[in-house]
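Trainee: Sharing a structure here in structure tokens format.
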Amino acid sequence: MRTTISENDNSMAELEQLEAEYKAQIEQFKSEITSLEADNQRLIIQMHQNPNLGPYNVKLIEANNVKIAQLKKDLADVQQKLADVEQAKADAAEDNAVATDDYYRIPAIMQDCKTAYNLTWQGPGTWEGYTYVRKATMPNINGVITFKATLSIVRKPKYFLGIKIHRAILQISWELTSEYTSTSVVEVMTLDPSKSDKEKADEVNKRISEIAQEYPSCKITTEYAKSAPTENDATPDTYHLLWQSDRLEIARQVDSRITKIYADLVSLEKMMHYKRSIIDVLKSVAPHINDDQGRRLTLVEECRKRWLRKAANSMHSDSYNGKYDEEE
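The numbering of the sequence shown is the working numbering, which starts it at 1 and goes up by one.
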């Protein structure tokens with residue numbers, strides 16, 4: 001995945017052009033005001049030299065004063081516009097100087113997650129509106145890891161006289177979740193062989209209904225281990241050390257023990273997929289040494305710590321051992 005950012009260098013050029021125009025107008029207004037004031041001084045000198053020109057020169061001086069007042073008003077307006085342009089230039093320069101799009105891009109966040117959790121990305125990912133979704137896998141989790149990043153606008157662009165002086169700032173909110181399944185034996189039922197098939201089915205279905213109500217989000221499957229019925233030997237010259245009722249009871253006990261051993265083997269087979277070594281077991285028993293105490297964690301490390309704490313609390317992991325109980 002690749003992200004790009006468009007730089008708008010024309011905004012500074014347009015602001016500089018406006019600044020030059022306003023400065024030129026200011027110089028022109030000042031030059032006209034200076035010229036009119038010099039003309040008034042000349043008319044006053046003529047009035048002292050020739051009193052007969054007094055009424056005519058007074059009219060000319062009053063007309064010049066009206067023009068000077070208007071020019072000063074226009075000069076103040078242009079000076080205010082120039083100050084606004086200079087402030088806009090300063091804001092634009094300050095906004096462009098702040099780097100807001102280097103570390104917080106989605107590829108950089110994905111790279112940090114890949115390094116921290118040893119992820120293997122599956123496919124290029126897809127966009128769903130303003131949300132980017134990508135799947136991944138982890139070596140120690142038999143499931144699917146989902147990376148989801150959502151874009152939102154924190155600050156809209158700001159314009160001055162139609163010129164953009166502030167860029168829009170986007171915020172990235174992301175999360176890393178996992179989905180996996182686990183199989184376990186909930187209960188082993190021993191059915192009475194003397195009951196009919198219907199009675200046995202009703203007993204099993206009743207227990208399945210109770211387990212479904214207790215674990216509504218789980219899928220329940222049933223496995224039957226049937227044994228052949230005991231054959232009756234009606235030969236009159238056969239001697240048995242035990243009564244027939246005792247033999248049936250012993251057979252039921254043996255069958256129950258074999259069924260339990262089978263359930264234990266199934267559970268053991270499931271647990272072998274986790275591949276826990278003796279060192280992992282010792283680490284779970286030994287007290288955890290917090291070597292991060294007093295050190296300021298990065299954003300990714302804090303998110304990983306929260307994620308592991310929630311996962312350990314929800315799954316009751318025996319390797320958790322209070323590693324992430326400390327609140328930052």
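Glycine included, every Cβ here is placed at the ideal spot set by N, Cα and C. This structure is a prediction, so every number in the text was calculated from the model and none was measured.
Tell me whether Ile211 is buried or exposed, calling it buried when 16 or more other Cβ atoms sit within 10 Å of its Cβ.
Mentor: exposed
Trainee: Is it the case that the Cβ atoms of Val300 and Ala108 are separated by a distance below 8 angstroms?
Mentor: Against a cut-off of 8 angstroms, the Cβ pair of Ala108 and Val300 comes out as no contact.
Trainee: With a Cβ-Cβ cutoff of 8 angstroms, do Thr131 and Lys148 count as a contact?
Mentor: yes
Trainee: Just tell me which of Leu119, Gln111, Met110, Ser152 has its CA closest to the CA of Gly129.
Mentor: With respect to the C-alpha of Gly129, the residue from Leu119, Gln111, Met110, Ser152 having the closest C-alpha is Ser152.
Trainee: Quick one: any contact between the stretch 76–85 and the stretch 54–64, if contact means 3 or more CB pairs under 8 angstroms?
Mentor: no
Trainee: Answer yes or no: do Val185 and Ser267 have a C-beta to C-beta separation smaller than 8 angstroms?
Mentor: It is a contact, given that the beta carbons lie within the stated cut-off.
Trainee: Per the DSSP calculation, Glu179 is bridged to which residue(s)?
Mentor: Val144
Trainee: Excluding the 5 residues flanking Ala225 on each side, which residues of the same chain have their C-beta closer than 6 angstroms to its C-beta?
Mentor: Thr259
Trainee: Under three-state DSSP, which class holds Asp101?
Mentor: Confidence at Asp101 is low in this model, with a pLDDT of 48, below 50, so the placement of that residue is unreliable and no value is reported for it.
Trainee: Using 10 angstroms around the beta-carbon of Ile33, count the other beta-carbons present and answer buried if the total reaches 16, otherwise exposed.
Mentor: buried
Trainee: Name the two residues that bound the continuous beta strand (DSSP E) containing Tyr117.
Mentor: Looking at the DSSP string, Tyr117 is not in any beta strand (DSSP E); the run it does join, the alpha helix (DSSP H), is 106–117.
Trainee: If we define contact as Cβ-Cβ less than 8 angstroms, is Thr150 a contact residue for chain B?
Mentor: Looking for chain B here will not work: only one protein chain is present.
Trainee: Which value, in whole angstroms, describes the spacing of the CA atoms of Ser173 and Ser217?
Mentor: 29 angstroms
Trainee: Taking the alpha-carbon positions, what's the Pro193 to Ala201 distance?
Mentor: 12 angstroms
Trainee: With 16 other CB atoms within 10 Å as the buried threshold, where does Val85 fall?
Mentor: buried
Trainee: Considering only the alpha carbon of each residue, which of Val154, Val144, Lys219, Lys23 lies closest to Ala76?
Mentor: Lys23
Trainee: Which two residues bound the contiguous beta strand (DSSP E) that contains Arg134?
Mentor: 131–138
Trainee: May I ask you to report which of helix, strand or coil DSSP gives Leu297?
Mentor: coil
Trainee: Just mark Ile279 as buried or exposed, buried being the case when its beta carbon has 16 or more other beta carbons within 10 Å.
Mentor: That one is exposed.
Trainee: Can you tell me whether Leu297 is buried or exposed, with buried defined as 16 or more other CB within 10 angstroms of its CB?
Mentor: By the 10 Å Cβ count, Leu297 comes out exposed.
Trainee: CA-CA distance, Asn122 and Ala136?
Mentor: In the sequence under discussion, the amino acid at residue 122 is Gln, which differs from the Asn named in the question. Their Cα atoms are separated by approximately 5 angstroms.
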